[in-house]
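J.:
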Amino acid sequence: MKLPDFLQFQPFNTLRSAMGAERLGAFEFFDPRLHLSATERERLAGGLTLNWSHLRCLHDYTLAYKNSRVLLWLEEPGQSWAAPNYHLAYCRVLQQLRRERPTQPLQISTELPPPDPWPWQVCPKCLQQLQFQGYDAARTRHREYSDRVMERFDIADFYAQYPLYPVTSKVLRALDSVG
Ligand SMILES: [Zn+2]
806 MKLPDFLQFQ
816 PFNTLRSAMG
826 AERLGAFEFF
836 DPRLHLSATE
846 RERLAGGLTL
856 NWSHLRCLHD
866 YTLAYKNSRV
876 LLWLEEPGQS
886 WAAPNYHLAY
896 CRVLQQLRRE
906 RPTQPLQIST
916 ELPPPDPWPW
926 QVCPKCLQQL
936 QFQGYDAART
946 RHREYSDRVM
956 ERFDIADFYA
966 QYPLYPVTSK
976 VLRALDSVG
């Protein structure tokens, strides 16, 4: 089926000038390899089990599944590196885990993991990787400040700085998956 050329479609053009919209704006065609469908976004909010090859590390070190930033954690109680931290970034802990356990199943979501039984804590190495709000545990004289950033960490502040969705295709195409 051949679609009409809507750029030449007079009723739309009349409407566009009535709205004062000079520019056509940007739009992207849906690409299932890069874009989450509405159903996939809902499932992601509920939590998915994936592996490294599904994830991308963005230039700012945050993690993305298709065009959404994600949080990541592991469901293996008793493992020291799995201890009750969730991750925001491809931090030192995850880089090591990726090398040591390339087939490790990973829990990802846009929401925090459910308490188990206490709320999960943000991973300090992720704050370090992002230097979030000036967090730098390596600077001794800065230590108290960094501890406060960690204590007062609120996921809403993270998302304010690193918007969840959508990550543009231009950014995604420039990256390889983590795995
Ligand atoms: Zn981390």
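Quick note on numbering: this note's numbering labels position 110 of the sequence shown as 915, and the sequence is numbered without any gaps.
Backbone N, C-alpha and C fix where the C-beta goes; we use that ideal spot for every residue, glycine too.
Note that the structure is a prediction, hence the values are computed from the model and not measured.
#1: According to DSSP, is Ser914 helix, strand or coil?
#2: Return the CA-CA distance between Asp962 and Leu849, expressed in angstroms with no decimal places.
#3: Is the closest heavy atom of ligand 1 to the C-beta of Val898 under 6 Å?
#4: Answer with buried or exposed for Ser822, where buried requires no fewer than 16 other C-beta atoms within 10 angstroms of its C-beta.
#5: Please report the straight-line C-alpha distance between Leu902 and Arg957, rounded to a whole angstrom.
#6: Tell me whether Gln815 sits in a helix, a strand or coil according to DSSP, three-state version.
#7: Should the segment 892 to 906 be called in touch with the segment 875 to 882, which here means at least 3 C-beta pairs below 8 Å?
#8: Is any heavy atom of ligand 1 found at a distance shorter than 6 Å from the C-beta of Lys930?
#9: Counting Cβ pairs closer than 8 Å, one from the segment 968 to 977 and one from the segment 937 to 950, do we hit at least three?
#10: Could you tell me the distance, in whole angstroms, from the CA atom of Tyr866 to the CA atom of Arg904?
#11: Verify the contact flag: His864, CB atom, against every heavy atom of ligand 1, threshold strictly below 6 Å.
#12: From the DSSP output, read off the bridge partner residues of Leu974.
#13: Closer than 6 Å: is that where the CB of His947 sits relative to any heavy atom of ligand 1?
#14: Indicate whether Glu881 and Gln912 have their beta-carbon atoms separated by less than 7 Å.
#15: Helix, strand or coil for Leu868, going by three-state DSSP, please let me know.
#16: Could you give the residue range of the beta strand (DSSP E) that holds Cys931?
#17: Is Arg828 helix, strand or coil when you go by DSSP?
T.: In short, the structure shows the following:
#1: Within the sequence shown, residue 914 is the residue found at index 109, counting from 1. In the structure shown, Ser914 sits in a strand (DSSP, three-state: E or B).
#2: For this step, residue 962 is matched to residue 157 along the sequence shown. For this step, residue 849 is matched to residue 44 along the sequence shown. The straight-line gap from Cα to Cα measures roughly 20 Å.
#3: Here residue 898 refers to the residue found at position 93 of the sequence shown. Yes.
#4: In the sequence shown, residue 822 corresponds to position 17, counting from 1. In summary, Ser822 is exposed, with fewer than 16 beta-carbon neighbours lying within 10 Å of its beta-carbon over all protein chains present.
#5: Taking the sequence shown and counting its residues from 1, one reaches residue 902 at position 97. Taking the sequence shown and counting its residues from 1, one reaches residue 957 at position 152. Looking at the two C-alpha atoms, the distance is approximately 27 Å.
#6: Your numbering for residue 815 matches position 10 in the sequence shown. Looking at Gln815 - three-state DSSP - the assignment turns out to be helix.
#7: yes
#8: The residue labelled residue 930 in the question sits at position 125 within the sequence shown. Checking the Cβ of Lys930 against ligand 1 gives yes.
#9: Between the segment 968 to 977 and the segment 937 to 950 there are fewer than three C-beta pairs closer than 8 Å, too few to call the two in contact.
#10: Position 61 of the sequence shown holds residue 866. Position 99 of the sequence shown holds residue 904. Each residue's Cα considered, the two are about 17 Å apart.
#11: Mapped onto the sequence shown, residue 864 falls at position 59. Distance from the C-beta of His864 to the nearest heavy atom of ligand 1 is not below 6 Å.
#12: Translated into the one-based positions of the sequence shown, residue 974 becomes position 169. It should be pointed out that residue 974 corresponds to Ser in this sequence rather than to Leu. Per DSSP, Ser974 has no beta-bridge partner at all.
#13: Your numbering for residue 947 matches position 142 in the sequence shown. Every heavy atom of ligand 1 is 6 Å or more from the Cβ of His947, so no.
#14: Residue mapping note: residue 881 aligns to position 76 of the sequence shown, counting from 1. Residue mapping note: residue 912 aligns to position 107 of the sequence shown, counting from 1. Taking 7 Å as the cut-off, the beta carbon of Glu881 is found no closer than this to the beta carbon of Gln912.
#15: Residue mapping note: residue 868 aligns to position 63 of the sequence shown, counting from 1. Strand at Leu868.
#16: Along the sequence shown, read from residue 1 onward, the residue named residue 931 stands at position 126. Taken as a continuous stretch (DSSP letters only), Cys931 belongs to no beta strand (DSSP E), being part of the alpha helix (DSSP H) at 929 to 935.
#17: Stepping through the sequence shown from its first residue, residue 828 is reached at position 23. Residue state, collapsed to three classes: coil.
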